[in-house]
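Student: Below is the structure I would like to discuss, written out as structure tokens.
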Amino acid sequence: MAEGHILIVEDEEKIASLLKDYLEKSGYRASMLDRGDGVVSFVKNKAPDLILLDIMLPGMDGMEVCREIRKFSRVPIIMITAKVEEIDRLLGLELGADDYVCKPFSPREVVARVKAVLRRINPSTEESIISAGPFVLNEETHQATVDGRELKLTPSEFKLLKVMMSHQNRVFSRNDLVNLVQGYEFEGYDRTIDTHIKNLRKKIAAMLPENEIITSIYGEGYKFSVD
Ligand code: CA
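To convert, count from 1 in the sequence shown and add 615; that's this note's numbering.
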């Protein structure tokens, strides 16, 4: 069975309930909102695992909601649009959505998209071993190795490395990392992240002195790459 809390933001009650039914049948927990203006506070308080977000909404439209969410969260977002022609335009806007579905859709297709996005965003839900180049992380034992040699990490360093390894070459801002690693209640403590990153880089450099694995990108954040 699938796991996760999905937020459905849709003002057409029939569509919202249909999606909720299908998601729940697949094992997800689903919440519904019928307006755009309550979404940001819902996401901050309840931290859903994925959002299905309609574009035409009372209160605040879905595009604006998506932009607002991206200011503080990387939660996967699947946008729902009424027109297939809209999708190209939406892609061009770089809203930061992870996928788009077009009305009318089959609920089954939407559930399949939800599964696919969650798998892509968080491959570790099904795999307890994550690897990239010489790095291997075992999520169950919390062991990390580099070329088979043990890399001793604190729990925060392990989480950071896991998140960055799962999205190689992506630049993570301090805020992204704080949210991903520590959750919203630690918002604002971004210097702690710098310290964790510094220690993590030091430990990696001790094992791989000739490669820069975690790069700091001035004014933007950090990225992991083994290329
Ligand atoms: Ca609508």
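Note that beta-carbon positions come from the ideal geometry of N, C-alpha and C, so glycine has one too. Owing to the predicted nature of the structure, the values given are computational and were not obtained by experimental measurement.
1. Under 8 Å from any heavy atom of ligand 1, does the C-beta of M671 make it?
2. Could you check whether the Cβ of E679 sits closer than 8 Å to any heavy atom belonging to ligand 3?
3. Consult DSSP for R644 and reduce its assignment to one of helix, strand or coil.
4. Inspect the beta-carbon positions of D649 and E625 and report whether they are closer than 9 Å.
5. Can you tell me whether D626 sits near ligand 1, meaning its C-beta is under 8 Å from at least one heavy atom of the ligand?
6. Where are the beta strand (DSSP E) runs, 3 residues long or more, that stay fully inside the region 716–767, in chain order?
7. What do you reckon, is the C-beta of A697 under 8 Å from a heavy atom of ligand 1?
8. Would you identify the three-state DSSP class for L665, choosing helix, strand or coil?
9. With a CB to CB cut of under 7 Å and the five nearest residues on each side skipped, what residues in its chain are close to V726?
10. Would you report the Cα separation of H757 and D842, rounded to the nearest angstrom?
11. Does the region 619–634 come close enough to the region 665–674 that 3 or more CB-CB pairs lie under 8 Å?
12. In whole angstroms, what is the alpha-carbon distance linking I832 and S788?
13. Who does T696 pair with in a DSSP beta bridge?
14. What's the call for R723, buried or exposed, on a 16-neighbour Cβ count within 10 Å?
15. Suppose you measure from the CA of S656 to the CA of L775; what does that come to, to the nearest Å?
16. Among the residues of its own chain, which have a CB less than 8 Å from the CB of V796, if the five just before and after it don't count?
17. Please check the pair I745 and S781, which I expect to be a contact at CB under 8 Å, by giving their CB distance rounded to whole angstroms.
18. I'd like to know whether the C-beta atoms of L705 and M678 end up nearer to each other than 9 Å.
19. From the DSSP output, which residues share a beta bridge with F787?
20. Taking all protein chains shown into account, do 16 or more other C-beta atoms lie within 10 angstroms of the C-beta of R735, making it buried, or fewer, making it exposed?
21. Assign L708 to one of two classes, buried (16 or more other C-beta atoms within 10 Å of its C-beta) or exposed (fewer than that).
22. Buried or exposed: where does S688 fall if 16 or more other Cβ atoms within 10 Å of its Cβ makes it buried?
23. I684 to A662, Cα distance in whole Å?
24. Let me check understanding here. Comparing Cα to Cα, which of V690, Y715, G711, L633 lies closest to I702?
Tutor: On the basis of the supplied data:
1. It does: the Cβ of M671 is within 8 Å (strictly closer) of some heavy atom of ligand 1.
2. This structure lacks ligand 3; its bound ligands are ligand 1.
3. In this structure, DSSP gives R644 an extended state, which the three-state scheme calls strand.
4. The answer is yes: Cβ separation under 9 Å.
5. D626 Cβ: within cutoff of ligand 1.
6. Whole beta strand (DSSP E) segments, 3+ residues: 744–747, 750–753, 758–761.
7. Set against 8 Å, the gap from the CB of A697 to the closest heavy atom of ligand 1 is smaller.
8. Of the three classes helix, strand and coil, the one that applies to L665 here is strand, per DSSP.
9. The answer, listed in chain order, is Y637, L638, S641.
10. Looking at the backbone, the Cα of H757 and that of D842 are separated by about 24 Å.
11. The region 665–674, when compared against the region 619–634, does touch it at the 8 Å Cβ threshold.
12. Rounded to whole angstroms, I832 to S788 spans 9 Å at the Cα level.
13. DSSP output for T696 lists C717 as bridge partner(s).
14. With fewer than 16 Cβ atoms within 10 Å of its Cβ, R723 is classed as exposed.
15. C-alpha of S656 to C-alpha of L775: approximately 26 Å in a straight line.
16. Around V796: S771, K774, L775, V778, I808, H811.
17. With 8 Å as the limit, I745 and S781 qualify as a contact, their Cβ atoms being about 6 Å apart.
18. A contact, by the Cβ cut-off of 9 Å.
19. Y837.
20. Burial call: exposed.
21. Exposed, by the Cβ-count rule.
22. Under this definition S688 is a buried residue.
23. Straight-line spacing of the CA atoms in I684 and A662 works out to 11 Å.
24. Nearest C-alpha to I702: Y715.
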